[in-house]
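Here the structure comes first, spelled out in structure tokens, and everything after it is commentary.
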Amino acid sequence: MSSSLYQQIYDLVRQVPPGRVTTYGQIGRLIGCTARTVGFAMAALAPGTDVPWQRVINSQGKVSPRRDGEGNLLQQVLLQAEGVQFSRSGKVDLQTYLHPFPG
DNA sequence: CGTTTGACTGGCC
DNA sequence: TGGCCAGCCAAAC
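Under my numbering, the first residue of the first sequence carries the number 991, and numbering increases by one thereafter.
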């Protein structure tokens, strides 16, 4: 059962429940690739995907600025709608919202 | 097949 | 706390 590298990334992101977040580095470490690769996989997602890409943020607990510069705001809104609270600086408390992956 | 780019990260100041 | 730099890896050209 060998899935593509991207498929493994998407599979882990789907395991993140609403109201929780994960980081690029966390997923990358579980699969065995770098955070850059995870970010690249997120960028390759289609608008109507079933992957909760909004729950993937950077190690600083902030939403990474995208090349377009528009979806980043949407990501914060979607997370807030799930109950994730942002600090005044626009940061998320990873110790509270980071999803603990099994293994 | 070499170069460039990008939704990252850790270290340093 | 926040900005800058080098390292990393995969896709696009």
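Every residue gets a Cβ at the ideal spot worked out from N, C-alpha and C, and that includes glycine.
Model, not experiment: these values are computed from the prediction.
Does residue i come out as helix, strand or coil in the three-state DSSP assignment?
i: L1035; result: coil
i: V1028; result: helix
i: V1041; result: coil
i: V1082; result: strand
Do residue j and residue i come within 8 Å of each other at the CB atom, strictly closer than that value?
i: L1020; j: L1002; result: yes
i: I1047; j: T1024; result: no
i: Q1065; j: Q1050; result: no
i: I999; j: A1031; result: yes
Hey, residue i and residue j are a contact pair by Cβ (cut 8 Å); roughly how many whole angstroms apart?
i: H1099; j: V1028; result: The question about residue 1099 has no answer here: the residues shown for the chain are numbered 991 through 1093.
Starting from residue i and walking both ways along the alpha helix (DSSP H), at which residues does that stretch end?
i: G1059; result: Careful: G1059 lies outside any alpha helix (DSSP H) and carries neither H nor E.
i: V1003; result: 995 to 1004
i: Q1016; result: 1014 to 1021
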